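In my numbering, the protein residues as written are 402 to 702.
We treat Cβ as the ideally placed atom computed from N, Cα and C, and that holds for glycine.
Computed from a prediction, not measured in an experiment: that's the story for all the values here.
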Amino acid sequence: MVMETLRDSPRPIPLVTSRVSYLPGYTTDHRKSVVMTDSARPGGSSTPRGRKTSAYHSNVAIYSDWFQRAEASLSRAQELNIMVTVRADTDNVEDKSDTFFQQFNIVVATECSQDQLVRINNICRENNVLFFCGDVFGMFGYTFADLLSHQFVEEKNTKVDKLTVTTTIKKEMTCVPLQDALATHWDGILTNKLKKMDPSYFLLLVLLAFRKKKSRDPNPAERAEDIIELKKLRDKTLSSVGVPPEKVSDELFRVSPVCAIVGGIMAQEIIKAASKLHEPYDNMFFFNPTTNGGFIECVGK
């Protein structure tokens, strides 16, 4: 999504060029929120990469069966905000050269393999491009942000002679790449943190391993077989990073959708990063269906 600042906007958002890879319901929710932001004017573009769509993928942006999702959602996305130009790019992300990603200010990737996510993130880091990724696997979802060395401002209200005075405070945060966040080993000094952590991060490792092995996500139509495979991958994956397999319970493998929740968080964080207003989440957000709660984990530092 490309957005340029409204000249008369009291809090303008700088030029934002984002690459949206694929278009499931999760991506639609965060893209919809970013397209509708007030601080946009002509000159921008959104380039979602497409897979085929069906009734299973129907949402606010898609209303027809069996053609590219990027193309299916194009007109509906444009209708959300005529001041933003929206484009569809149906090329495979693996066919994109490194230079393709260099043209953007913000890159958002979803439904990619772990290797694809790490590759895109590393390209972004080398070219000072902000990177987001995330997914919804049924009822479980996550977002990750690599904002490099990110400066932002926060507002603080103080009372002066019975008047409220608002001052802005400049702050800075340093982020880690996705490969570091996913390669953390939990033996030794991180054992105490492991005990306190929600299992969602470790479930993500298992789901990414499943996607890599099967070239797809768990399918409700194949639930029995997939749960057996997920348990095997859980035992292997968690043992390799020093985590007992029981950290991820069998209950977490039973799923149903929460696109709006996680997609809304992603949109919020993209707008924060673009506007440099308010402290971003550092560096992963998870939604856990068993507790019906969302939370932030800082992993890889």
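What is the DSSP secondary structure of residue i, counted as helix, strand or coil?
i, result
"Gly694", "strand"
"Val577", "coil"
"Asp499", "helix"
"Lys563", "coil"
"Gln504", "coil"
"Val509", "strand"
"Gly535", "strand"
"Met685", "strand"
"Ala584", "coil"
"Leu639", "helix"
"Val607", "helix"
"Lys702", "coil"
"Pro645", "coil"
"Ile483", "coil"
"Ala668", "helix"
"Arg477", "helix"
I need the straight-line Cα distance from residue i to residue j, nearest angstrom please.
i, j, result
"His679", "His586", "31 Å"
"Gln517", "Arg612", "12 Å"
"Asp588", "Ile524", "30 Å"
"Ala510", "Gly535", "7 Å"
"Glu556", "Thr567", "6 Å"
"Tyr602", "Asp499", "29 Å"
"Lys614", "Asn482", "39 Å"
"Phe686", "Ala489", "28 Å"
"Thr592", "Ser650", "19 Å"
"Ala646", "Leu639", "Looking at the sequence provided, one finds Pro at residue 646 rather than Ala. Straight-line Cα distance between these residues: approximately 6 Å."
"Thr454", "Thr491", "Reliability of the predicted coordinates at Thr454 is poor, the pLDDT of 40 falling under 50, and no value is obtained from them."
"Val508", "Leu564", "42 Å"
"Val554", "Lys594", "30 Å"
"Arg520", "Asp581", "13 Å"
"Arg477", "Gly643", "46 Å"
By DSSP's criteria, residue i is part of a beta bridge. Which residues make up the other side?
i, result
"Lys571", "Val554"
"Thr544", "Gly535 and Phe686"
"Leu678", "Val554"
Since residue i contacts residue j with CB under 8 Å, what's their CB separation in whole angstroms?
i, j, result
"Pro681", "Ala674", "6 Å"
"Asn684", "Ala584", "Rounded, the Cβ-Cβ distance is 14 Å, inconsistent with contact."
"Leu530", "Gln503", "Sequence check: residue 530 is Val here, not Leu. About 7 Å; that satisfies the 8 Å criterion."
"Thr691", "Leu653", "6 Å"
Measuring alpha carbon to alpha carbon, tell me which of the options ends up nearest residue i.
i, options, result
"Phe688", "Arg477, Val537, Val554 and Asp627", "Val537"
"Ser550", "Val561, Thr569 and Asn528", "Asn528"
"Met540", "Val561, Glu630, Pro619 and Lys633", "Pro619"
"Thr559", "Thr569, Ser641 and Ile666", "Thr569"
"Phe696", "Glu495, Arg520 and Tyr543", "Tyr543"
"Ile671", "Cys513, Ile521, Phe533 and Glu480", "Phe533"
"Ser514", "Leu608, Arg624, Ala625 and Asp636", "Leu608"
Does the ligand GDP have even one heavy atom less than 7 Å from the beta-carbon of residue i?
i, result
"Trp587", "For the ligand GDP, the structure offers nothing, since it holds no ligand at all."
Closer than 8 Å, CB to CB, is residue i near chain B or not?
i, result
"Asn558", "Of the chains in the structure shown, none is chain B; there is only one protein chain."
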